[in-house]
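Enquirer: Going by the numbering used here, the residue at position 76 of the sequence shown is 367; the numbering climbs one at a time, nothing skipped.
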Amino acid sequence: MQVYEAPIRDMRFVLEELHNDDGFGDVEGFEDFDSDVTTAILEEAGKLCKEVLLPINWSGDQEGCKLENGTVSTPEGFKDAYKQFCEGGWAGLGVAEQWGGQNAPHALGKMVEEMTCSANLSFGLYPGLTGGAMVALEAHGTDELKEFYLPKMANGEWSGTMCLTEAHCGTDLGMLRTKAEPQDDGSFLVTGNKIFISAGDHDLTSNIVHLVLARLPDAPAGVKGISMFLVPKYLPNDDGEPGEHNKAGPTAIEHKMGLKASATCQMSFDGSKGWMVGEPNKGLEAMFTMMNTERVAVGIQGLGVGEIAYQSAVYYAKDRLQGRSLSGVKNPDGPADPIIVHPDVRRMLMTMRAYNEGCRALSAWVSRALDASHSAREPEVRERATDFVALMTPVVKALFTDLGHESAQLAVQVYGGHGYIQESGVEQFARDARIAQIYEGTNGIQALDLVGRKLPHRMGRNLRSFFHPVSQFCEDHASDADIGKLVGSLQQSFGALQLSTGHIAQKGLKDPEEAAAAASDYLRLLGFVAMGYCFAKAAKVAHAKLAEGTSEEGFYKAKLTTVQFFFDRLLPVATAQFMAIKSGKASMMELPEDAF
292 MQVYEAPIRD
302 MRFVLEELHN
312 DDGFGDVEGF
322 EDFDSDVTTA
332 ILEEAGKLCK
342 EVLLPINWSG
352 DQEGCKLENG
362 TVSTPEGFKD
372 AYKQFCEGGW
382 AGLGVAEQWG
392 GQNAPHALGK
402 MVEEMTCSAN
412 LSFGLYPGLT
422 GGAMVALEAH
432 GTDELKEFYL
442 PKMANGEWSG
452 TMCLTEAHCG
462 TDLGMLRTKA
472 EPQDDGSFLV
482 TGNKIFISAG
492 DHDLTSNIVH
502 LVLARLPDAP
512 AGVKGISMFL
522 VPKYLPNDDG
532 EPGEHNKAGP
542 TAIEHKMGLK
552 ASATCQMSFD
562 GSKGWMVGEP
572 NKGLEAMFTM
582 MNTERVAVGI
592 QGLGVGEIAY
602 QSAVYYAKDR
612 LQGRSLSGVK
622 NPDGPADPII
632 VHPDVRRMLM
642 TMRAYNEGCR
652 ALSAWVSRAL
662 DASHSAREPE
672 VRERATDFVA
682 LMTPVVKALF
692 TDLGHESAQL
702 AVQVYGGHGY
712 IQESGVEQFA
722 RDARIAQIYE
732 GTNGIQALDL
742 VGRKLPHRMG
752 RNLRSFFHPV
762 SQFCEDHASD
772 ADIGKLVGSL
782 QQSFGALQLS
792 TGHIAQKGLK
802 DPEEAAAAAS
812 DYLRLLGFVA
822 MGYCFAKAAK
832 VAHAKLAEGT
842 SEEGFYKAKL
852 TTVQFFFDRL
862 LPVATAQFMA
872 IKSGKASMME
882 LPEDAF
């Protein structure tokens with residue numbers, strides 16, 4: 292049973308109540324998105340996801356995509372759902388008004404993304420990839436390209452992709468072989484093959500705009516010789532409508548573990564006409580504009596799957612009768628009690644709940660910083676926000692997807708044997724969530740990026756954007772009657788993070804493998820401390836609301852219970868991760884290769 296109701300009240304909590312003191316709120320251009328408008332948008336998005344996208348999630352997984360005669364068809368219901376999605380203006384929610392969008396803040400847009408990913412992750416990839424392609428094109432494209440392509444992508448008429456990976460190279464893009472030959476009219480003919488291209492071909496839009504990495508004839512070797520090109524599936528006619536096929540299309544659909552309703556294609560470009568985006572041999576820089584956007588989006592995918600897995604598990608735990616409560620019969624009129632009475636089932640449900648609420652709180656903080664990095668009034672705020680986003684992007688991508696997959700696995704466990712069969716619907720969550728830990732840079736790569744680039748950047752300036760507010764909060768609330776004990780636990784885990792940071796800085800300078808060996812543990816440690824900080828702030832807000840009297844007493848009491856569970860059961864892992872980091876690389880690297 293796939294169950295989903297958008298968690299709008301918690302979304303409003305993290306958007307409107309939790310982060311008001313983060314210094315990222317004074318942002319120009321979003322004045323129209325007040326509480327009433329935000330709530331209305333969230334409610335409409337929730338309705339679309341529940342009534343339109345969720346009903347075709349399981350069926351789409353069962354049917355999958357098909358490639359026939361060089362064209363990919365999506366599962367039944369996807370074309371109609373996409374039409375409703377675009378007609379509702381959701382494709383352009385966060386797009387600038389200049390291109391026909393609504394210019395909604397990232398903080399709001401990420402909540403809508405979460406809903407979409409919960410209700411139907413496969414569907415969400417189609418508009419999601421388009422949004423990422425638009426970011427790169429807007430940042431690096433010529434005015435002519437932007438004015439022609441962006442409005443059609445903003446309204447969903449055309450979609451977009453990113454074409455990086457080739458069969459012989461994954462993360463190491465310096466080895467890519469796709470070529471681009473310059474033409475007299477300023478265009479280029481792109482030739483090569485790509486794999487693992489999400490939304491590479493489909494029947495949802497009339498044209499697809501591919502952003503392709505390729506090499507010019509005189510390009511230097513390695514990543515310094517990569518350029519980016521816009522290559523449409525169909526060459527537009529003078530009237531702007533799709534015309535001649537551009538020899539850019541799928542040769543196969545990847546047979547995947549999950550996301551079967553998302554068309555992941557092997558692509559061929561056979562002298563396909565394209566136009567350069569950005570400067571020659573600086574395509575990787577342009578692509579990373581898109582990649583960083585997509586990495587945050589992939590983190591939201593993990594959160595989205597985690598939320599629907601949790602809700603589906605709760606539904607089953609309340610409905611499934613098995614065994615009797617150890618504290619006494621809870622369902623005397625039935626043959627057994629619902630399994631939600633059992634402590635181990637509660638452990639799993641509370642773990643999922645805490646993961647979701649913690650990730651949502653952290654995502655709202657990062658999203659507010661993302662808005663501030665572009666539009667804050669004060670240069671100092673923009674700079675601090677940029678530092679914070681840079682630091683947290685690998686954390687959001689890796690930690691959220693790790694926890695989302697863990698939640699999906701816990702949902703299967705709650706269902707027991709019924710979770711292992713397709714009819715329950717929850718095994719799909721585990722399969723769908725798994726790829727998010729891999730694509731857009733594996734989670735191991737994210738950890739290396741964190742310790743190898745983000746920590747040492749400008750003498751640790753990125754880290755100060757996080758350390759300073761956490762340190763100040765702990766200092767200000769250590770003796771607080773309501774949350775003092777929580778703050779004490781936060782200080783302990785924060786201390787472990789600080790010591791780990793110093794250890795990596797010291798050892799990593801002498802031996803890069805020491806830093807690399809600690810990277811994944813460090814990323815998780817940083818992420819859990821960040822969630823702990825958000826939860827401690829949430830407890831402060833909840834106590835204040837309860838003290839002043841509120842009609843939503845149940846919501847705030849539940850928030851305090853979730854916070855306490857996180858501090859009791861989940862945050863203590865910080866100590867173990869510090870010990871693992873301190874142990875160094877020896878046991879990891881000493882075994883000879885031939886002994887494996």
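Where is the CB? At the ideal position from N, CA and C, for every residue including glycine.
Compare the Cα-Cα distances from Met558 to each of Val363, Glu881 and Ala336 and report the closest residue.
Expert: On the sequence shown, position 267 is the one that residue 558 refers to. If we check each option's Cα against that of Met558, Val363 comes out closest.
Enquirer: Please go through the same chain and pick out, in chain order, the residues whose beta-carbon is closer than 6 Å to the beta-carbon of Glu405, but skip the five residues on each side of it.
Expert: Counting from 1 along the sequence shown, the entry for residue 405 is found at position 114. Ile591, Leu594 and Gly595.
Enquirer: Quick one: what does DSSP say Thr580 is sitting in, helix, strand or coil?
Expert: Taking the sequence shown and counting its residues from 1, the one referred to as residue 580 is at position 289. In this structure, Thr580 counts as helix in the three-state DSSP scheme.
Enquirer: Given a cut-off of 8 Å on the beta-carbon distance, is the pair Gln719 and Glu296 in contact?
Expert: Within the sequence shown, numbered from 1, the residue matching residue 719 stands at position 428. Within the sequence shown, numbered from 1, the residue matching residue 296 stands at position 5. Cβ atoms of Gln719 and Glu296: not closer than 8 Å.
Enquirer: Determine which residues share a DSSP beta bridge with Ile517 and list them.
Expert: Taking the sequence shown and counting its residues from 1, one reaches residue 517 at position 226. Its beta-bridge partners are Lys573.
Enquirer: Taking all protein chains shown into account, decide if Ile712 is buried (16 or more other Cβ within 10 angstroms of its Cβ) or exposed.
Expert: By 1-based counting over the sequence shown, the position of residue 712 is 421. Result: exposed.
Enquirer: Is it a yes or a no for the region 808–826 touching the region 873–887, going by three-plus beta-carbon pairs under 8 Å?
Expert: Result yes; three or more Cβ-Cβ pairs closer than 8 Å.
Enquirer: What are the start and end residues of each continuous alpha helix (DSSP H) run of 4 or more residues lying completely inside the region 336–374, in chain order?
Expert: Runs of the alpha helix (DSSP H) inside the region 336–374: 348–354.
Enquirer: Just reading off the beta strand (DSSP E) that Gly381 is part of, what are its end residues?
Expert: By 1-based counting over the sequence shown, the position of residue 381 is 90. For the record, residue 381 in the displayed sequence is Trp; it is not Gly. Run containing Trp381: none; DSSP gives neither H nor E here.
Enquirer: If you check the beta carbons only, do Gly823 and Leu790 fall under 8 Å apart?
Expert: For the purposes of this step, residue 823 is taken as residue 532 along the sequence shown, with counting starting at 1. For the purposes of this step, residue 790 is taken as residue 499 along the sequence shown, with counting starting at 1. Contact flag unset, no.
Enquirer: Could you check whether the region 448–461 touches the region 409–425, counting it as contact only if at least three pairs of C-beta atoms, one from each stretch, sit closer than 8 Å?
Expert: The answer is yes - the region 409–425 touches the region 448–461, with three or more Cβ pairs under 8 Å.
Enquirer: Measure from the alpha carbon of Asp475 to the alpha carbon of each residue in Ala505, Ile517, Gly432 and Gly565, then state which is nearest.
Expert: Position 184 of the sequence shown, counting from 1, holds the residue named residue 475. The shortest C-alpha separation from Asp475 is found at Gly565.
Enquirer: Have a look at Leu455 and Thr677 and give me their C-alpha separation to the nearest angstrom.
Expert: Translated into the one-based positions of the sequence shown, residue 455 becomes position 164. Translated into the one-based positions of the sequence shown, residue 677 becomes position 386. If I take the Cα positions, the gap works out to 26 Å.
Enquirer: From Pro346, Glu378 and Gly385, pick the residue whose C-alpha is nearest to that of Glu367; which is it?
Expert: Sequence index remark: in the sequence shown, residue 367 carries index 76 (1-based). Nearest C-alpha to Glu367: Pro346.
Enquirer: Note down, in chain order, each residue of its chain lying with its Cβ closer than 8 Å to the Cβ of Ile774, except the 5 sequence neighbours on either side.
Expert: Against the sequence shown, residue 774 aligns to sequence position 483. Here the set comprises His768, Ala827, Ala830, Lys831 and His834.
Enquirer: Use the C-beta contact count for Leu306: other C-beta atoms within 10 angstroms, 16 or more gives buried, fewer gives exposed.
Expert: For the purposes of this step, residue 306 is identified with residue 15 of the sequence shown, where counting begins at 1. Result: buried.
Enquirer: Of all the alpha helix (DSSP H) runs that stay within the bounds of the region 434–512, which reach a length of 4 or more residues?
Expert: Correct list: 434–445.
Enquirer: Should Leu682 and Asn753 be called a contact, given that it needs their Cβ atoms to be closer than 8 Å?
Expert: Taking the first residue of the sequence shown as 1, we reach residue 682 at position 391. Taking the first residue of the sequence shown as 1, we reach residue 753 at position 462. Contact flag set, yes.
Enquirer: Give me the Cα-Cα distance between Phe757 and Phe679, rounded to the nearest whole angstrom.
Expert: Taking the first residue of the sequence shown as 1, we reach residue 757 at position 466. Taking the first residue of the sequence shown as 1, we reach residue 679 at position 388. Cα to Cα, the separation comes out at about 7 Å.
Enquirer: From which residue to which residue does the beta strand (DSSP E) around Glu671 run?
Expert: Here residue 671 refers to the residue found at position 380 when the sequence shown is read from its first residue. No beta strand (DSSP E) holds Glu671; the alpha helix (DSSP H) holding it covers Pro670 to Tyr706.
Enquirer: Nearest to Arg637 by CA position, among Ala604, Phe887 and Asn411, is which residue?
Expert: Counted from its first residue, the sequence shown places residue 637 at position 346. Closest by alpha carbon: Ala604.
Enquirer: Using a Cβ-Cβ cut-off of 6 Å (strictly less than) and excluding sequence neighbours within five positions of Gly569, which residues of its own chain qualify?
Expert: For the purposes of this step, residue 569 is taken as the residue at position 278 of the sequence shown. Excluding positions up to five away in sequence, the list reads His431, Met519 and Ala577.
Enquirer: By Cβ distance below 8 Å, which residues in the same chain neighbour Pro634 in space, the five residues on each side in sequence not counted?
Expert: Residue mapping note: residue 634 aligns to position 343 of the sequence shown, counting from 1. Excluding positions up to five away in sequence, the list reads Leu617.
Enquirer: For my contact list, Gly491 and Thr469 are in at a C-beta cut-off of 8 Å; report their separation, rounded to the angstrom.
Expert: Your numbering for residue 491 matches position 200 in the sequence shown. Your numbering for residue 469 matches position 178 in the sequence shown. Incorrect: roughly 14 Å between the Cβ atoms, too far for contact.
Enquirer: Given a threshold of 16 other Cβ atoms within 10 Å of its Cβ, counted over all protein chains shown, does Met870 qualify as buried or as exposed?
Expert: Your numbering for residue 870 matches position 579 in the sequence shown. Under this definition Met870 is an exposed residue.
Enquirer: Determine which residues share a DSSP beta bridge with Pro523 and list them.
Expert: The residue labelled residue 523 in the question sits at position 232 within the sequence shown. Paired residues: Val500.
Enquirer: So Phe857 is in the alpha helix (DSSP H); what residue range does that whole segment cover?
Expert: Position 566 of the sequence shown, counted from the first residue, corresponds to residue 857. First-last for Phe857: undefined, no H or E at that position.
Enquirer: I need the DSSP call for Val587, collapsed to helix, strand or coil.
Expert: Position 296 of the sequence shown, counted from the first residue, corresponds to residue 587. It is helical.
Enquirer: Between the region 717–731 and the region 546–556, can you find at least three pairs of beta-carbon atoms closer than 8 Å?
Expert: Enough Cβ pairs lie closer than 8 Å, so yes.
Enquirer: For Asp740, is the classification buried or exposed, using 16 other Cβ atoms within 10 angstroms of its Cβ as the cut-off for buried?
Expert: Your numbering for residue 740 matches position 449 in the sequence shown. So Asp740 counts as buried.
Enquirer: Leaving out the 5 sequence neighbours to the left and right, which residues in its chain are closer than 8 Å to Pro473 when beta-carbon positions are compared?
Expert: Translated into the one-based positions of the sequence shown, residue 473 becomes position 182. So the qualifying residues of the chain are Phe479, Leu507 and Pro508.
Enquirer: Taking Cβ positions, are Leu777 and Val854 nearer each other than 8 Å?
Expert: For the purposes of this step, residue 777 is taken as residue 486 along the sequence shown, with counting starting at 1. For the purposes of this step, residue 854 is taken as residue 563 along the sequence shown, with counting starting at 1. Yes. Within cutoff.
Enquirer: When DSSP labels each residue in this structure, what does Gln393 get in the three-state scheme?
Expert: Numbered from 1 along the sequence shown, position 102 holds the residue referred to as residue 393. In this structure, Gln393 counts as coil in the three-state DSSP scheme.
Enquirer: Please indicate yes or no: does the CB of Val672 lie closer than 7 Å to some heavy atom of the ligand ADP?
Expert: Of the ligands one can find in the structure shown there are none, so the ligand ADP has no counterpart to examine.
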